[in-house]
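At the far end of the sequence shown sits residue 304, using UniProt numbering, and the numbering has no gaps.
Using N, Cα and C, we set each Cβ at its ideal position, and we do this for glycine too.
These numbers come from a predicted model, not from an experiment.
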Amino acid sequence: MWWVFIAHFDSSMAESKVRYLARDIVNGDIETFNGKVQDLTKFYVKREAFCNLAKNYQNHGLRFSRVPSWRETCAFCFILASRGFDYGSEFAAGGKGNKYHPNCDCIIVPGFNSLGGVHPDKQIEGYKPTQMQDRYNEVCKTVDGLCTLEKYRESGAYKKYGYNFSEWKLSIISSEIRQRDKKWLWSGNIPLVKFETKKLKEDIKSERQHELRTAERLRFFGMQTNFKVDQINNYDGHGNNKGLADLANGYELKSLSTATSKNTLNKYLKGVSKRKKDAVAVVFDNTENVSTDEEIISLIKECR
Numbered sequence: 001m002w003w004v005f006i007a008h009f010d011s012s013m014a015e016s017k018v019r020y021l022a023r024d025i026v027n028g029d030i031e032t033f034n035g036k037v038q039d040l041t042k043f044y045v046k047r048e049a050f051c052n053l054a055k056n057y058q059n060h061g062l063r064f065s066r067v068p069s070w071r072e073t074c075a076f077c078f079i080l081a082s083r084g085f086d087y088g089s090e091f092a093a094g095g096k097g098n099k100y101h102p103n104c105d106c107i108i109v110p111g112f113n114s115l116g117g118v119h120p121d122k123q124i125e126g127y128k129p130t131q132m133q134d135r136y137n138e139v140c141k142t143v144d145g146l147c148t149l150e151k152y153r154e155s156g157a158y159k160k161y162g163y164n165f166s167e168w169k170l171s172i173i174s175s176e177i178r179q180r181d182k183k184w185l186w187s188g189n190i191p192l193v194k195f196e197t198k199k200l201k202e203d204i205k206s207e208r209q210h211e212l213r214t215a216e217r218l219r220f221f222g223m224q225t226n227f228k229v230d231q232i233n234n235y236d237g238h239g240n241n242k243g244l245a246d247l248a249n250g251y252e253l254k255s256l257s258t259a260t261s262k263n264t265l266n267k268y269l270k271g272v273s274k275r276k277k278d279a280v281a282v283v284f285d286n287t288e289n290v291s292t293d294e295e296i297i298s299l300i301k302e303c304r
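Right under this line is the structure:
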């Protein structure tokens with residue numbers, strides 16, 4: 001990166017100012033005149049240095065980025081931070097008051113995009129926007145099949161919430177981001193599998209090893225895999241004991257170990273819907289199954 005000296009000094013302005021200060025000489029106060037001229041000289045030296053710095057930055061592609069502190073960082077802020085030094089001005093990066101929503105903890109930081117000669121991931125310690133972008137793309141890939149125009153029309157999102165397609169798609173991506181571990185989003189650190197109680201940990205390791213293997217696979221995608229006690233005494237009046245989902249985020253884990261039919265998958269889905277009162281999604285792990293992923297996906301689409 002080359003830096004050049006660019007002259008901004010306007011001698012006529014300085015001369016006019018000195019003439020104005022010369023009234024102190026007329027009044028016989030030479031000491032005051034000398035002091036003011038010294039201050040004026042310091043001002044112009046600093047101003048010239050600042051102007052050159054700003055101009056060189058501009059010539060080398062100075063941009064701005066939103067860097068979260070992760071105290072209150074939301075999914076939307078993660079998306080913006082993953083863009084790196086993509087904003088042309090501090091205002092564009094921060095909006096009014098450097099905030100996009102209440103309690104926003106992001107700060108606006110100057111830097112260079114990849115055209116500035118310094119890799120974005122090497123400019124601020126701990127902030128690696130290109131790697132964050134990779135993880136953002138991984139999240140988008142997960143929900144890609146849910147974000148089609150056909151799904152948008154079926155959802156009725158425009159009638160219900162006034163969402164256009166882009167807003168609706170962003171809401172789905174944001175929801176998926178909230179299921180990922182914050183440290184993974186920020187730094188790529190793989191989260192650990194956690195257990196609500198020591199007894200639960202022992203039970204899963206001895207009796208539900210298939211679920212543990214699924215959780216181990218999920219965590220490498222940044223998923224929060226926190227097992228909770230899922231058996232509770234909550235009978236619905238018809239002899240059915242309603243329990244909870246396997247994970248704290250509402251995910252129910254189903255490992256498919258043999259060839260699976262549509263009826264089997266449908267039974268799983270209906271069973272979770274009826275008996276897992278806090279379940280938000282079912283994770284089918286097809287890793288140990290002889291059926292292909294494409295076959296399972298096709299069968300799931302036929303389920304109702």
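ask   = Which class does Y163 belong to by DSSP, given the choice of helix, strand or coil?
value = In the structure shown, Y163 sits in coil (DSSP, three-state: anything other than H, G, I, E or B).
Outcome for N113 when other beta-carbon atoms lying within 10 angstroms are tallied against a minimum of 16 = Classified as buried, N113 has 16 or more neighbouring CB atoms from the shown chains inside 10 Å of its CB.
query = What is the DSSP secondary structure of Q135, counted as helix, strand or coil?
reply = In the sequence as presented, Gln is not what sits at residue 135; that position holds Arg. Shown here, R135 sits in a helix according to DSSP, grouped into three states.
inquiry  = Given this structure, state the Cα-to-Cα distance separating K17 from S171, to the nearest angstrom.
reply    = Going by the C-alpha atoms only, they are around 58 Å apart.
inquiry  = I need the straight-line Cα distance from N27 to V109, nearest angstrom please.
reply    = Their backbone Cα atoms lie some 49 Å apart in a straight line.
Supposed close pair A93, Y87 - CB separation, criterion 8 Å = Indeed, because the Cβ distance is near 4 Å, the residues count as touching under 8 Å.
Three-state secondary structure assigned by DSSP to D203 = Helix at D203.
query = What are the residues that DSSP puts in a beta bridge with Y127?
reply = DSSP lists I124 as partners of Y127.
message = In this structure, how does DSSP classify S261 when only helix, strand and coil are distinguished?
response = For S261, the secondary structure class from DSSP, reduced to helix, strand or coil, is coil.
request  = With DSSP as the reference, please indicate the residues paired to R180 in a beta bridge.
outcome  = Under DSSP, R180 takes part in a beta bridge, and its partners are M223.
ask   = The alpha helix (DSSP H) spanning V282 covers which residue range?
value = Per DSSP, V282 lies in no alpha helix (DSSP H) segment; the continuous beta strand (DSSP E) that holds it begins and ends at A281 to D285.
ask   = Should I79 go down as buried or exposed, given a rule of 16 or more other Cβ atoms within 10 Å for buried?
value = Counting other Cβ atoms within 10 Å of its Cβ, I79 reaches 16 or more and is therefore classed as buried.
Sequence-distant residues of its chain with Cβ nearer than 6 Å to V139 (five each side left out) = Taken in chain order, the residues that qualify are E176 and I177.
ask   = When the distance is taken between beta carbons, is D278 closer than 8 Å to S255?
value = No.
task = Note down, in chain order, each residue of its chain lying with its Cβ closer than 6 Å to the Cβ of G84, except the 5 sequence neighbours on either side.
result = S65, P120 and P129, listed in sequence order.
query = Taking DSSP as the reference, what is the three-state secondary structure of F85?
reply = The answer is coil: DSSP assigns F85 none of H, G, I, E or B.
task = Could you check the C-alpha separation between S174 and E196 for me, to the nearest Å?
result = Cα to Cα, the separation comes out at about 26 Å.
task = Would you grab the beta carbon distance between T260 and N289 for me? Rounded to a whole angstrom, and I think it's under 8 Å.
result = About 7 Å separates the two Cβ atoms, so the contact holds.
ask   = What number of angstroms, rounded off, separates the C-alpha of K132 from the C-alpha of S166?
value = Correcting the residue identity first, residue 132 is Met in this sequence and not Lys. About 21 Å.
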